[in-house]
Amino acid sequence: GAGVSQTPSNKVTEKGKYVELRCDPISGHTALYWYRQSLGQGPEFLIYFQGTGAADDSGLPNDRFFAVRPEGSVSTLKIQRTERGDSAVYLCASSSGLLWEEQFFGPGTRLTVL
Amino acid sequence: SQQGEEDPQALSIQEGENATMNCSYKTSINNLQWYRQNSGRGLVHLILIRSNEREKHSGRLRVTLDTSKKSSSLLITASRAADTASYFCATVHSGYSTLTFGKGTMLLVSP
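Protein chains in written order, with the working numbering: chain A, 1 to 114; chain B, 115 to 225.
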């Protein structure tokens with residue numbers, strides 16, 4: 001079966017622009033997570049969805065970051081007024097929804113803000 | 115913030131040798147997970163050990179957990195060049211369902 005997919009794989013944008021990053025989880029997985037990974041670091045949690053609702057958005061760095069999952073499947077991470085410090089690999093993961101079990105990660109979107 | 119801290123930061127060994135990586139964390143956990151990340155590829159789950167378990171095996175992997183010391187170790191036996199990757203421990207805090215990752219150990223296995 002298909003794994004977690006993310007599009008685009010690479011995104012280059014200019015400072016101040018708006019970007020959308022898409023995640024398509026494994027079919028049937030109710031939990032979806034977004035992480036951000038900077039060079040030489042481990043992934044840092046951004047937001048977690050259970051179904052359509054954001055169960056935990058405590059990792060979003062500021063109000064320029066927003067994520068949606070309107071139908072409980074595909075999710076979009078939206079970043080407004082991008083800054084150079086937003087450059088990173090954005091990872092999406094999904095799981096079956098049972099608490100504390102393994103997560104399945106997508107290949108990530110590499111965002112570069114010039 | 116990242117809770118887990120892996121040690122060493124980098125490890126270089128020859129094929130056939132064993133590799134041991136350690137992870138320490140700060141607050142109580144429900145479980146601890148190890149992930150592998152190859153260059154240019156996504157994270158792959160390796161093994162999960164729950165807070166009431168002390169040791170777990172999966173193929174050439176052996177994980178131990180010492181909750182009194184808030185530490186875990188990952189042992190890869192008979193390493194192969196294909197094991198070259200970054201290895202991350204990730205913890206699930208009590209009462210939460212999200213993962214907190216460490217900075218990782220970069221493992222290089224030379225043929």
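The C-beta atom is built at its ideal place from N, Cα and C for all residues, glycine as well.
Any chain B beta carbon closer than 8 angstroms to residue i
i, result
"Pro-107(A)", "yes"
"Lys-11(A)", "no"
"Phe-45(A)", "yes"
"Tyr-18(A)", "no"
"Pro-8(A)", "no"
Chain-ordered chain A contacts of residue i [CB-CB under 9 angstroms]
i, result
"His-159(B)", "Glu-102, Gln-103, Phe-104 and Phe-105"
Own chain partners of residue i with C-beta closer than 7 angstroms, once the 5 adjacent residues on each side are dropped
i, result
"Ser-115(B)", "Residue placement at Ser-115(B) is poorly supported in this model, since its pLDDT is 47, which falls under 50; the coordinates are not used for a value here."
"Lys-15(A)", "Thr-82, Glu-83, Arg-84, Val-113 and Leu-114"
"Arg-119(A)", "In the structure as shown, chain A begins at 1 and stops at 114. Residue 119(A) is therefore absent and cannot be evaluated."
"Gln-80(A)", "Tyr-18 and Arg-64"
"Leu-60(A)", "Leu-46 and Ile-47"
"Leu-179(B)", "Leu-146, Ile-163, Glu-167, Arg-168 and Ser-186"
Buried/exposed call for residue i, threshold 16 Cβ in 10 Å
i, result
"Arg-36(A)", "buried"
"Ala-199(B)", "buried"
"Gln-151(B)", "buried"
"Gly-216(B)", "buried"
"Asn-166(B)", "exposed"
"Pro-25(A)", "buried"
"Ala-196(B)", "exposed"
"Ser-193(B)", "buried"
"Ala-2(A)", "exposed"
Amino acids of chain B, ordered along the chain, whose beta-carbon sits closer than 8 angstroms to that of residue i
i, result
"Leu-91(A)", "Gly-156 and Leu-157"
Own chain, CB closer than 6 angstroms to residue i, minus 5 neighbours either side, in chain order
i, result
"Pro-43(A)", "Tyr-35, Gln-37 and Leu-91"
"Val-89(A)", "Gln-37, Gly-108 and Arg-110"
"Asn-136(B)", "Asp-121 and Ser-187"
"Asp-56(A)", "Tyr-48"
"Glu-226(B)", "This structure cannot speak to residue 226(B), because chain B is shown only from 115 to 225."
"Gln-123(B)", "none"
"Arg-22(A)", "Thr-7 and Thr-76"
Interface partners of residue i on chain B, CB under 7 angstroms
i, result
"Pro-25(A)", "Ordered by position in chain B, no residue passes the 7 angstroms Cβ test against Pro-25(A), which lies about 13 angstroms from the chain."
Listed by chain order, chain A residues near residue i by CB distance under 8 angstroms
i, result
"Lys-217(B)", "Gly-40, Gln-41 and Gly-42"
C-beta neighbour in chain A for residue i, strict 8 angstroms
i, result
"Leu-125(B)", "no"
"Gln-147(B)", "yes"
"Leu-221(B)", "no"
Neighbour flag for residue i against chain E, beta carbons, 8 angstroms
i, result
"Val-74(A)", "Among the chains of the structure shown, chain E does not appear; the protein chains present are A and B."
Same chain, Cβ closer than 8 angstroms to residue i, neighbours up to 5 away in sequence not counted
i, result
"His-29(A)", "Ser-94, Ser-95, Ser-96, Gly-97 and Phe-104"
The beta strand (DSSP E) enclosing residue i, as first and last residue numbers
i, result
"Lys-170(B)", "169-172"
"Asn-144(B)", "143-151"
"Asp-56(A)", "53-56"
"Gln-50(A)", "44-50"
"Arg-36(A)", "31-37"
"Arg-22(A)", "19-24"
"Gln-123(B)", "Looking at the DSSP string, Gln-123(B) is not in any beta strand (DSSP E), and its letter there is neither H nor E."
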